[in-house]
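Below is one structure, written out as structure tokens, with a few remarks after it.
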Amino acid sequence: MSEIRQRQAASAKDNGQKKPKSRSQDRSKPDEERGISVIDVIRLLATFIIVTLGISYYMTNGESVLFGYKPWFSRWPVVKQYMTGPVKLTPAELSHYDGNDESLPIYVAVNGHIFDVSANPGMYGPGGGYHFFAGKDATRAFVTGCFKEDLTADMTGVEEMFMPVEDMDEGLTSGEKKVRREREMRHARAQIEKTVARWEGFFRNSQKYFQVGHVVDSELEKDPEFGNRVLCDGAQKQRPKRSEMAEDS
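Under numbering that gives the first Met the number 0, the residue at position 71 of the sequence shown is numbered 70, and the numbers go up by one with no gaps.
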């Protein structure tokens, strides 16, 4: 009887113990709690990049995987210029880069900054619609729009283009007129800077053109017209009239 009781007690004890979990169950739990890993994120990003590049390649007919964007290091002329360093040319030296010598690139200068426009010889080369800009710093013409008379960097008197034509008597004192003129002169100079910056940015940010250097040793002082230029007719016609400004206000 005692032996039977011992066996029953041992059996009850065994039944009260929990069964150990299997290794597969222990391994699956951390996987469920882990969520998205770093590797998963990398895979998603890689897939997104590959798909985007493929779409760009398809949409541009195989010409670009960056939707037409060409970073500077992908353009050999820009890389070559970066390696050789900026060029420094006098106005006389710059004049040789007008496209007539096919062994030289075509340069255009704005505000003393020289840009290579050789990628568009049909526009800036001989016979092109804007060939008159080639080999020159024609900052004045970029502002006034007088491409025949103002192919120079001399900006003397350009402020007048943005100054009102005095076509009415407002009864102001000389002091009041002086203060107003100073204010309008500051505005005119700001407009010139804005226009020059816009054209400079056009060449600087272009995918075709790039900056190569600067104009140095300005020879403007040798120009007999330096400091004495008058505003061209085209720019004169663009001047606002005082009477029209009064009506608008």
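Beta carbons: idealized from backbone N, C-alpha and C, even for Gly. Note that the coordinates shown come from a computational prediction; the quantities given were computed from them, not determined experimentally.
query: Considering H186, what are the terminal residues of the alpha helix (DSSP H) in which it resides?; result: 173-203
query: What residue range does the beta strand (DSSP E) around V142 cover?; result: Not the beta strand (DSSP E): V142 falls in the alpha helix (DSSP H), residues 138-143.
query: What do you reckon, are the CB atoms on E158 and M184 nearer than 7 angstroms?; result: yes
query: Within the same chain, show all residues whose beta-carbon is closer than 7 angstroms to that of P267, passing over the 5 residues directly before and after it, in chain order.; result: Outside the shown range of the chain (0 to 248) lies residue 267, about which nothing can therefore be said.
query: Apart from the five residues just before and just after Q237, which ones in its own chain have a Cβ nearer than 7 angstroms to its Cβ?; result: M160
query: In the structure shown, what three-state DSSP assignment does I48 receive?; result: helix
query: Less than 7 angstroms between C-beta atoms, sequence neighbours within five positions excluded: which residues of the same chain meet that for R253?; result: Nothing in the structure corresponds to residue 253, since the chain is present only between 0 and 248.
query: Measure how close the beta-carbons of F114 and Q210 come, nearest whole angstrom, since I'm counting them as under 8 angstroms.; result: 5 angstroms
query: Around the C-beta of P90, are 16 or more other C-beta atoms found within 10 angstroms, so that it is buried, or is it exposed?; result: buried
query: In three-state terms, what does DSSP make of K87?; result: strand
query: How long is the line joining the alpha carbons of K135 and V107, rounded to whole angstroms?; result: 6 angstroms
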